[in-house]
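Participant: Have a look at the structure that comes next, please.
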Amino acid sequence: MSLDGLKQKVLKAQESADIASLYVLEQKAQDSFDEDALQAFYANILDLALERLTDVLESHRSMNINEVQDFATLRALYEYAMEHYHAGDISDASALFEVLSGLTKDDGFSSSLKLHSIASSKGISLDDFMDNIADIDATQKAGKFYISMFKKEAQKLLSDSKCDGSKK
Numbered sequence: 018m019s020l021d022g023l024k025q026k027v028l029k030a031q032e033s034a035d036i037a038s039l040y041v042l043e044q045k046a047q048d049s050f051d052e053d054a055l056q057a058f059y060a061n062i063l064d065l066a067l068e069r070l071t072d073v074l075e076s077h078r079s080m081n082i083n084e085v086q087d088f089a090t091l092r093a094l095y096e097y098a099m100e101h102y103h104a105g106d107i108s109d110a111s112a113l114f115e116v117l118s119g120l121t122k123d124d125g126f127s128s129s130l131k132l133h134s135i136a137s138s139k140g141i142s143l144d145d146f147m148d149n150i151a152d153i154d155a156t157q158k159a160g161k162f163y164i165s166m167f168k169k170e171a172q173k174l175l176s177d178s179k180c181d182g183s184k185k
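Sequential numbering from 18 applies to the sequence shown in the working numbering.
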């Protein structure tokens, strides 16, 4: 596909607010766009995801992780939260994880994001979270876009969190 053809497909996806199609074009964009264009590409995905988040919150509905656009939106928002976590913006990351945990009725996604929220709210760095709490190999085997599998240390974190909550 030519660069002009790619730009046309990206523009069409942007105009129709089709986050899923943008993710389909992601690898081609990475291979073809310069750094500035690539940053704009990802910024547009985030803008569209934030617009969808606003719509979902205003309509008081849950997202369906099995619906293509909701899935793509959740992925974009999760990546945004992880960027905050990686940058050391732990309180922002924790708040984003907490919001994400309540956006869908998918128990696996919700419980995983609650664990992300608890870890970040306790000040656990992303590196420590990845090394000591997340089970990256099992997550990759599960094929999820989010960290969904955890080590035994995660249960201790959950138990400690429940104890902290009952003391308040």
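Where is the CB? At the ideal position from N, CA and C, for every residue including glycine.
1) What do you get for T71, buried or exposed, if any count of 16 or more other CB atoms within 10 angstroms of its CB means buried?
2) Since G119 and S165 should fall inside the 8 Å C-beta cutoff, what is the C-beta to C-beta distance between them, to a whole number of angstroms?
3) Between which two residues does the alpha helix (DSSP H) harbouring N188 extend?
4) Since I believe L55 is in contact with Q47 (beta carbons under 8 Å), could you give me their beta-carbon distance rounded to a whole number of angstroms?
5) Assign L39 to buried or exposed, taking buried as 16 or more other Cβ atoms, counted over all protein chains shown, within 10 Å of its Cβ.
6) In chain order, what residues of the same chain lie with their CB nearer than 6 Å to the CB of L20, ignoring the 5 residues before and after it?
7) Counting along the chain, where does the alpha helix (DSSP H) carrying A112 start and finish?
8) Could you tell me whether the region 29-37 touches the region 76-91, using the rule of 3 or more Cβ pairs below 8 Å?
9) Nearest to M18 by alpha carbon, out of D177, L42, S33, A30?
10) Output yes or no for whether 8 Å exceeds the beta carbon distance between L175 and I135.
11) Have a look at M80 and Y97 and give me their C-alpha separation to the nearest angstrom.
12) Nearest to L25 by CA position, among F58, A171, E52, is which residue?
13) Residue range of the alpha helix (DSSP H) that F58 falls in?
14) Measuring alpha carbon to alpha carbon, tell me which of K161, S128, F162, K169 ends up nearest D148.
15) Taking a contact to mean a Cβ-Cβ separation below 8 Å, would you say L117 touches L132 in this structure?
Facilitator: According to the data block:
1) exposed
2) Not really, about 17 Å apart at Cβ, beyond 8 Å.
3) Residue coverage of the chain in this structure runs from 18 to 185, which leaves residue 188 outside it and unanswerable.
4) 6 Å
5) buried
6) S49
7) 107-118
8) yes
9) L42
10) yes
11) 17 Å
12) For clarity, residue 25 is Gln in the given sequence; the question names Leu instead. The shortest Cα separation from Q25 among F58, A171, E52 belongs to F58.
13) 52-76
14) K169
15) no
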